[in-house]
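Asks:
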Amino acid sequence: MSLEVKGVVKGFGGIRAVDSVSFQTTKGAITGLIGPNGSGKTTLFNLVTGFLPIDEGEIWHKGRRIDGLKPHQVVELGIIRTFQITRIFPKLTVLENMLVPTRDNSLWHLVSNPKKGGRPEKALRLLESIGLATYMDDPAASLSYGQNKLLELALSFMVEAEIVLLDEPSSGINPSLQASINQWIKEENSQGKEFFIIEHNMDVIMSLCHHIVVLHHGQKLAEGKPSVIQQNDQVLEAYLGD
Amino acid sequence: MAINMLSLKEVEACYQKGIKILQYISLGISPQDIICLIGPNGAGKSTVLKAIMGLVNVENGSITLNGEDITNSKANRIMRKGISYVPQGRTVFPEMTVWENLRMGGFILKDKNEVEQRIEQIYEMFPILKDYRNRKAYTLSGGEQQMVEMGRVLIIDPKYMLIDEPSLGLAPKIRRMIFEKIKALNQQKNIGILMVEQNAVQGLEAADFGYVLDMGTIRFWGSGVELLEDKRVRQLYLGGGDAKKRN
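Residue numbers (my numbering), protein chains in the order written: chain A, 560 to 801; chain B, 37 to 283.
1. Whose Cβ in chain A lies nearer than 9 Å to the Cβ of B:Glu201?
2. Return helix, strand or coil for A:Gln750, following the three-state DSSP convention.
3. Is B:Asn93 close to chain A? Criterion is C-beta to C-beta, closer than 8 Å.
4. Could you work out which residues of chain A lie near B:Thr175, taking near to mean beta carbons separated by less than 9 Å?
5. Drop a sphere of 10 angstroms on the beta-carbon of A:Thr585, count the other beta-carbons inside from all chains shown, and report buried for 16 or more, exposed for fewer.
6. Which of the three DSSP states is assigned to B:Gly275 in this structure?
7. Roughly how many angstroms separate the alpha carbons of A:His770 and A:Gln789, rounded to a whole number?
8. Just how far apart, CA to CA, sit B:Arg126 and B:Gly178?
9. Using a Cβ-Cβ cutoff of 7 Å, what residues of the segment 731 to 754 of chain A are near chain D? List them in chain order.
10. Measuring CA to CA, which of B:Glu262, B:Thr253, B:Val248, B:Gly80 is closest to B:Leu272?
11. Scan the segment 112 to 195 of chain B and note each continuous alpha helix (DSSP H) run of 4 residues or more that stays entirely inside, going in chain order.
12. Buried or exposed, going by whether 16 or more other CB atoms sit within 10 Å of the CB of B:Ser259?
13. Report buried or exposed for B:Ala242, applying the criterion of at least 16 other Cβ atoms within 10 angstroms of its Cβ.
14. Below 8 Å on C-beta distance, what does B:Gly178 contact in chain A?
15. Who are the near neighbours of B:Leu165 in its chain, counting only those whose CB is closer than 8 Å to its CB and skipping five residues on each side?
16. In whole angstroms, what separates the C-alpha of A:Asp626 from that of B:Ile155?
17. Looking only at its own chain, which residues have a Cβ that is under 6 Å from the Cβ of A:Trp743, when we skip the five neighbours before and after it?
18. Quick check: is the beta carbon of B:Tyr168 nearer than 8 Å to any beta carbon in chain A?
19. Can you give the Cα-Cα distance for A:Glu615 and A:Asp726, rounded to whole angstroms?
20. State yes or no: is the C-beta of B:Ser99 within less than 8 Å of the C-beta of B:Val151?
21. Identify, in the order they occur along the chain, each residue of the same chain with its Cβ nearer than 6 Å to the Cβ of A:Val772, setting aside the five sequence neighbours on each side.
22. Whole angstroms are fine: how far does the CA of B:Met41 sit from the CA of A:Pro648?
23. Where DSSP assigns a beta bridge to A:Thr652, which residues make up the other side?
24. Using DSSP's beta-bridge definition, name the partner residues of A:Phe755.
25. Would B:Gln234 and A:Gly731 qualify as a contact pair, given that the criterion is a beta-carbon distance under 8 Å?
26. Is it true that the CB of B:Ile191 sits closer than 8 Å to the CB of B:Gly141?
27. B:Ala220: buried (16+ other C-beta within 10 angstroms of its C-beta) or exposed?
28. At a Cβ cut of 7 Å, what residues of the segment 683 to 694 of chain A count as close to chain B, listed as they run along the chain?
29. By the three-class DSSP mapping on this structure, what secondary structure does B:Tyr51 have?
30. From the beta carbon of B:Lys209, is the nearest beta carbon of chain A less than 8 Å away?
31. Please classify A:Phe571 as buried or exposed, where buried requires at least 16 other C-beta atoms within 10 Å of its C-beta.
32. On the premise that B:Val232 lies in contact with B:Ser82, defined as a C-beta separation below 8 Å, what is that separation, rounded to the nearest angstrom?
33. Have a look at B:Leu263 and B:Leu240 and give me their C-alpha separation to the nearest angstrom.
34. How close, in whole Å, do the beta carbons of A:Gln737 and B:Gly275 come, if the pair is a contact with beta carbons under 8 Å?
35. Out of A:His759, A:Gly587, A:Val567, which has the shortest C-alpha to C-alpha gap to A:Arg624?
36. Which of the three DSSP states is assigned to A:Arg640 in this structure?
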């Protein structure tokens, strides 16, 4: 067991965006989180990562209670995330952006040599495989929307982390890159990194995930292995359509 | 010639002087058409839409609407001529109600009654927006927000609609519904649609005609079906695999 979500509730005004949701993720596995738009998936990510406080319930990580922690404290536990709307440094180059999370973050380092970072080889290999190598010396601001998403995804592979939460890694990304992105996720996962992924692309979810949690109207509709979820009538009705 | 047509002729466009994002882009669209642009990230698809709207500088070539040159015109003037634009990503005004969002689309219209009439027509097209008219936009789901965005540009009664990734971030079931709405706009309202899509299979299925952009130029073109069945297109841009398979 890795993450444990117990009876978590989050309301916005009169709406229960997350309504008594409980589930666990398995250490080192790839867990998928799916559900219709507005079903509470991103809110759940925000609760796990401390971006929003929970109203009720508990969230645990490896025997430690983490609800109530600030986002930076959650990051220090090795739980990191990407966003639906990308957040990168527009004036740093593409390569510099890649190196930011790998550096020594001491204040002295930030002041003395802000652009130097670790593991440039891995950064280059990643940029190569997602088609951004030719832009590595360009400011990130010059990238298109989809390229921004790719950069942020690549960034999440650069971070030393125990659990990586990906919010719709395939949206806005050309399908021809999907195979190499899946390959990266599998490679990082085989080295022990756990993934928790929100995704609408069922090919991606079904080929990557060991376990899937389905949300609907803020509640857990189903959970199980991909093959089981694919056959679940309620999931077909609420999410996949005919 | 060139009657009832939006056409691009050998268009070259730049954000920064000297760095051409688009090279020799030529394509035409009539109010009967649904056209889909696909291609890798950074190929220039969004830039084609921005070039038409005057949001990026066209250095060479020309863009004409029904024969009239509109190259590098201001976006508000282009809108008045009947070309509307739905940008990429969620762009509703989150703190405004659905009704207020729709009204914002009509800021170039002087006649308040006309605005109200058009909003009623939009409600006919998207009945759920009428039910939610007093809800703040941020409380709507992704698919509903996409409908607000499409409704908002309908208020100027456009002849053409440029849509940048209408299915972005939408659940499979909702994605199909949005493409159905796009087809309905085209067939019932005679609005020519030029859309950019990364869900290339569904985008091309909905489209009459498609163009594959790569590195700022058109590499392949053909009917949606032709492109979906083209081996090279599938291999290079659709991630290989079976063209019939749906997400």
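Ideal Cβ placement from N, Cα and C applies to all residues, glycine included.
Replies: From the atom records:
1. Taking the beta carbon of B:Glu201 as reference, the chain A residues within 9 Å of it are Tyr704, Gly705, Ser730, Gly731, listed in sequence order.
2. Correct three-state label for A:Gln750: coil.
3. No, no contact with chain A.
4. The contacting residues are Phe571, Gly572, Ile574, Gly597.
5. When all chains shown are included, A:Thr585 counts as exposed.
6. DSSP places B:Gly275 in coil when its eight states are reduced to three.
7. Cα-Cα distance, rounded: 12 Å.
8. B:Arg126 and B:Gly178 have their C-alpha atoms some 8 Å from each other.
9. Checking the listed chains, one finds no chain D in this structure; the protein chains it contains are A and B.
10. Taking only the C-alpha atoms, the option nearest B:Leu272 is B:Val248.
11. 134 to 140, 148 to 161, 163 to 167, 178 to 190, all fully within the segment 112 to 195 of chain B.
12. It counts as exposed.
13. Around the C-beta of B:Ala242, 16 or more other C-beta atoms lie within 10 Å, and the residue is accordingly described as buried.
14. Against B:Gly178, the close residues of chain A are Asn596, Gly597, in the order they occur along the chain (beta-carbon pairs closer than 8 Å).
15. Answer for B:Leu165: Val134, Leu138, Ile158, Tyr159, Glu180, Met183, Val184, Gly187, listed in chain order.
16. Rounded to the nearest whole angstrom, the CA to CA distance from A:Asp626 to B:Ile155 is 44 Å.
17. The residues are Phe716.
18. Cβ-Cβ to chain A under 8 Å: no for B:Tyr168.
19. Distance from the CA of A:Glu615 to the CA of A:Asp726, rounded to the nearest whole angstrom, comes to 23 Å.
20. Before going further, note that residue 99 of chain B is Ile rather than Ser in the sequence given. It is not a contact, given that the beta carbons lie outside the stated cut-off.
21. So the qualifying residues of the chain are Phe582, Leu592, Glu782.
22. Correcting the residue identity first, residue 648 of chain A is Phe in this sequence and not Pro. Computed Cα separation, rounded: 41 Å.
23. In DSSP, A:Thr652 forms a bridge with A:Pro698.
24. Per the DSSP secondary-structure output, A:Phe755 pairs in a beta bridge with A:Thr590, A:Leu724.
25. Yes, the pair counts as a contact, with Cβ atoms nearer than the cut-off.
26. Taking the C-beta atoms as reference points, B:Ile191 is found nearer than 8 Å to B:Gly141.
27. Exposed, by the Cβ-count rule.
28. Taking a C-beta cut-off of 7 Å against chain B, the contacting residues of the segment 683 to 694 of chain A are Gly690, listed in chain order.
29. In the three-state reduction of the DSSP assignment, B:Tyr51 falls in the coil class.
30. B:Lys209 counts as touching chain A.
31. Exposed, since its Cβ has fewer than 16 Cβ neighbours within 10 Å.
32. B:Ser82 to B:Val232, Cβ: 6 Å. Contact.
33. The straight-line gap from Cα to Cα measures roughly 8 Å.
34. Going by Cβ atoms, the distance from A:Gln737 to B:Gly275 rounds to 5 Å, so yes, they are a contact pair.
35. Checking every option, the nearest Cα to that of A:Arg624 belongs to A:Val567.
36. Collapsing the DSSP output to three states places A:Arg640 in a strand.
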